[in-house]
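Notes follow the structure.
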Amino acid sequence: MLCKYCFVLFTFILLPTSIGNSQNKNDKIAISKSFSELKATKNDSIKVEKLISLYKQSIRQDEINKDIIEEALLVSEMIYYFDGIAKCYNRKGITARYESDYSQSVNFHKRALTYYEKSTDTLSKIKCLNSLGVTYRKLNLEKEAFAQYFQALNLAEKIDSKKSIAIALNGIGNVFINTEEYDKALKYFKKGVEIEKQSNNERGQEYGFANIGEVYLNKKQYDSARYYFNKSLQLAKKNPRKEGIAIKYNLLGLLSQKEGDYNKSTENYKKAIPQLIKYNSLRYLSNTLINIGVNQIHSKEYSKAQENIKQGLQTAITIKSKENIMLGYNALTEYYTQTKDFKNALASHKKATKYHDSIVNVASKESIISTQIEYETQKKDEQLKQLAKKTEQNSIEAKVNSDKLIYGALISFLVIGVLLFSIYLIRKNKALELENQNSILEKHILQINKLEDLVKNSQNQKYKVSSENVKNYELSNRETEVLEYITNGFSNEEIAAKLFVSKNTIKTHIKNIYSKLDVKNRIQAMKKING
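FYI, our numbering numbers position 328 of the sequence shown as 340, with every residue one higher than the one before it.
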């Protein structure tokens with residue numbers, strides 16, 4: 013069986029390479045040409061970013077050219093471009109993880125983080141933290157992975173990066189799966205999926221559904237697990253990427269194994285192998301080979317089972333995957349037990365227990381719980397600070413509004429007071445004017461009364477013009493007689509009637525009287541003779 017899988021490995025690694033050589037030749041030449049052209053340009057941050065983009069393109073085309081990222085790193089260091097240095101080391105860390113060189117991956121990511129501390133690129137720092145968490149998890153260093161994911165989550169929430177939040181939540185959930193705390197894992201996975209749904213990110217949902225299915229698988233709720241695995245597989249087929257479909261078949265293989273359908277399990281695992289080999293996914297390939305061996309133990313194909321388990325175990329040891337090493341030793345324990353080799357069964361069991369304890373131990377769990385509590389406390393403190401700030405702001409606004417109300421009331425009272433005082437002054441002025449007018453009216457009334465009295469007196473009293481009063485004015489007897497009538501208030505018609513003459517005659521006499529007395533009217537004539 014081992015030879016068969018060696019042949020399979022050869023087939024899926026060498027054959028596609030030879031077939032794809034002609035197809036990728038032009039792309040490879042294009043990348044090399046672009047690289048040469050970029051090297052000749054001026055050393056600046058723009059050049060670094062273009063080199064990093066070109067390196068990513070070489071990865072997507074499965075023609076990784078590490079010289080590109082090294083050139084980008086060199087230029088970044090020459091011009092002290094810290095963002096560029098950080099991005100280069102982070103990218104080198106991701107590449108090392110894809111190559112299953114997890115220790116080197118950790119080193120690169122840590123170096124990247126030291127430079128991100130000097131950078132303002134928070135989003136890139138979050139991505140680096142999440143990537144470091146993934147690498148730690150590949151090494152089954154759950155405590156370390158947990159710390160990185162929570163730091164990434166904290167920063168992602170501050171800048172509201174939905175995608176980064178979802179990645180961190182899924183990472184935390186996977187840590188809880190490895191520490192066998194499935195309810196906690198489910199809580200974080202569901203949060204992640206909800207965010208991916210809001211963002212309409214189907215790839216994120218694919219990953220989240222697979223994780224939720226894995227929780228239900230471990231909880232032995234197989235129908236729920238199958239439901240989520242199939243939803244994840246549908247999305248993987250809709251949006252194919254690297255070993256995405258193979259991972260889903262790997263999970264379905266494990267589900268069938270848990271249900272006791274070992275033939276169906278092996279069938280699903282075998283569907284995963286070609287893609288896992290193509291993309292050099294050694295961790296999942298190791299897991300797949302070991303589980304195929306477990307299925308073969310149950311079908312009593314012991315020779316084939318031993319070959320597959322040992323091959324899978326050796327791969328796990330090479331890439332330092334504690335989870336798969338533990339799985340391999342547990343499979344060997346079962347194999348040796350079935351074949352009555354109890355000494356090797358016991359040795360394998362001890363090794364499996366050792367790796368299990370290194371993954372799931374009380375200290376690690378306490379550290380994880382401590383980190384979680386610290387994060388939740390920090391989050392609660394921030395919420396309280398925000399609440400206190402809001403309360404203080406509301407208090408200030410309330411005080412301002414209260415002051416405005418008081419000032420408004422005072423101004424209103426002042427305006428009303430001014431208006432009332434103005435009305436009072438207007439009314440007082442009106443009263444004074446009225447009083448003044450009344451006083452004038454009273455004077456006029458008095459004058460009228462006096463005139464009336466004067467008229468009455470003049471009517472009742474008969475004035476006699478003495479000769480002494482008129483002798484100086486040379487008035488004739490008739491003129492003197494007419495003047496007496498005038499003085500006593502008689503009209504021209506009345507005087508004419510009294511003297512039995514015409515009205516014109518009286519007018520002539522009056523004219524002569526005015527001329528001799530040098531007056532213009534009766535009043536002046538009366539005053540002149542009585543003066």
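Backbone N, C-alpha and C fix where the C-beta goes; we use that ideal spot for every residue, glycine too.
Reducing DSSP to helix, strand and coil, say where residue 17 ends up.
Model confidence at residue 17 stands at a pLDDT of 47, short of 50, so the residue's coordinates are unreliable; what they give is reported in the following sentence. Note: residue 17 maps to helix in three-state DSSP.
Residue 347 vs residue 309 beta-carbon contact at 7 Å
yes
Taking residue 235 as the reference, give the member of 248, 205, 270 with the closest Cα.
270
Which residues bound the alpha helix (DSSP H) around residue 350?
334-350
For residue 115, I'd like the list of residues in its chain whose CB is within less than 8 Å of its CB, leaving aside the five on either flank, ordered along the chain.
151, 332
Could you tell me the boundaries of the alpha helix (DSSP H) in which residue 269 lies?
256-271
Along the chain, which unbroken stretches of the alpha helix (DSSP H) at least 4 residues long are found entirely within the segment 50-131?
57-72, 78-90, 94-110, 114-128
For my contact list, residue 130 and residue 158 are in at a C-beta cut-off of 8 Å; report their separation, rounded to the angstrom.
About 26 Å separates the two Cβ atoms, so there is no contact after all.
Return the residue from the list 300, 427, 189, 70 that minimises the CA-CA distance to residue 336.
300
Would you kindly work out how many angstroms separate the C-alpha atoms of residue 128 and residue 55, rounded to a whole number?
21 Å
According to DSSP, is residue 520 part of a helix, a strand, or is it coil?
helix
Neighbourhood of residue 298 by C-beta, 6 Å cutoff - its chain only, sequence neighbours within 5 removed:
324, 327, 328, 336
Indicate the three-state DSSP secondary structure (helix, strand or coil) for residue 286 in the structure shown.
helix
Nearest-angstrom Cβ-Cβ length linking residue 230 and residue 175, presumed shorter than 8 Å
That belief does not hold up - the Cβ atoms of residue 230 and residue 175 are roughly 27 Å apart, past 8 Å.
Once the 5 residues before and after residue 277 are set aside, which same chain residues still bring their CB inside 6 Å of it?
265, 268, 269, 307
With DSSP as the reference, label residue 253 as helix, strand or coil.
coil
Between residue 363 and the rest of its own chain, which residues show a CB-CB distance below 7 Å, the 5 nearest in sequence each way excluded?
341
Going along the chain, which residues of its own chain have a beta-carbon closer than 7 Å to the beta-carbon of residue 99, five neighbours each way excluded?
64, 136
Taking residue 164 as the reference, which of 155, 149, 147, 139 has the closest Cα?
139
Measure the C-alpha to C-alpha separation of residue 2 and residue 246 and round it to an integer number of angstroms.
Because the chain here runs from 13 to 543, residue 2 falls outside it and cannot be looked at.
Residues in the same chain with beta-carbon distance under 7 Å from residue 103, minus the five sequence neighbours each way, listed in chain order, please.
Cβ neighbours of residue 103 beyond the five flanking positions: 64, 67, 81.
Express the C-alpha separation of residue 91 and residue 225 in angstroms, rounding to a whole number.
48 Å
For residue 412, does the count of other Cβ atoms within 10 angstroms reach 16, so buried, or fall short, so exposed?
Exposed is the call here.
Name the two residues that bound the continuous alpha helix (DSSP H) containing residue 155.
154-171
Three-state class that DSSP yields for residue 356 in the structure shown
For residue 356, the secondary structure class from DSSP, reduced to helix, strand or coil, is helix.
Among 186, 113, 191, 527, nearest to residue 142 - alpha-carbon criterion
186
Nearest-angstrom Cα distance between residue 292 and residue 110?
8 Å
Report yes if the C-beta distance between residue 215 and residue 251 is below 7 Å; otherwise report no.
yes
Quick one: what's got a C-beta closer than 8 Å to residue 51's C-beta in the same chain, skipping five residues either side?
83
Tell me whether the beta-carbon of residue 262 lies closer than 7 Å to the beta-carbon of residue 284.
yes
Which residues in the same chain as residue 209 place their Cβ atom closer than 7 Å to its Cβ, once the five residues preceding and following it in sequence are excluded?
217
Given a threshold of 16 other Cβ atoms within 10 Å of its Cβ, counted over all protein chains shown, does residue 87 qualify as buried or as exposed?
In this structure residue 87 is buried. Its beta-carbon is surrounded by 16 or more other beta-carbon atoms within 10 angstroms.
If we ignore side chains and look at the alpha-carbon of each, how far apart do residue 530 and residue 449 end up?
39 Å
Helix, strand or coil: which one does DSSP assign to residue 232?
Coil.
For residue 191, which of helix, strand or coil comes out of DSSP?
coil
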